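Student:
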Amino acid sequence: MSLDDIIEQLGKNNESFTHIFQRDDKNIQRIISTKNGETKLRSIAGISDFLFKNGFNSYHYFSIVVGKGWEEKLEWIAANYEALLKPMEFNGSHVSQIVRNKGWEEKLEW
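Each residue of the sequence shown is one higher than the one before, starting from 140 at the first, in our numbering.
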């Protein structure tokens, strides 16, 4: 399946996904080229309404899913961002940098 086909398919079910990822977006191309890239895009699409509503952009998504533990990172963000981090004025950029490397769980336990 081509990247255009994947974007079209995911956009049909998740309109905000098409607002986040345009066909020529370099970060969607970077995500798809990583290990399990299509799976990562599908996971992002599953919570794209939430992410879009909270101001996350394609670079933030790439930063979150580029390494190990990306599923857990997306799950944590979806479950906790609005209640814990948003009230303290953390944004997508802050969150994507916090969870980017090893030790992200410890950083979020503060």
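No residue lacks a Cβ here, since even glycine has one placed at the ideal position from N, Cα and C. Predicted model only: the values in this text are computed from it and were never measured.
Identify the continuous alpha helix (DSSP H) that holds G242 and give its terminal residues.
Tutor: Under the DSSP assignment, G242 falls outside any alpha helix (DSSP H); it carries neither an H nor an E label.
Student: Quick check on Q161: does DSSP put it in helix, strand or coil?
Tutor: Note: Q161 maps to coil in three-state DSSP.
Student: Within 10 angstroms of the Cβ of A218, are there 16 or more other Cβ atoms? Answer buried if so, exposed if not.
Tutor: A218 counts as exposed, since fewer than 16 other C-beta atoms from the protein chains shown sit within 10 angstroms of its C-beta.
Student: Does the count of Cβ pairs from the region 185 to 193 and the region 164 to 174 closer than 8 Å reach three?
Tutor: no
Student: Does the beta-carbon distance from N166 to Y200 come in below 8 Å?
Tutor: A contact, by the Cβ cut-off of 8 Å.
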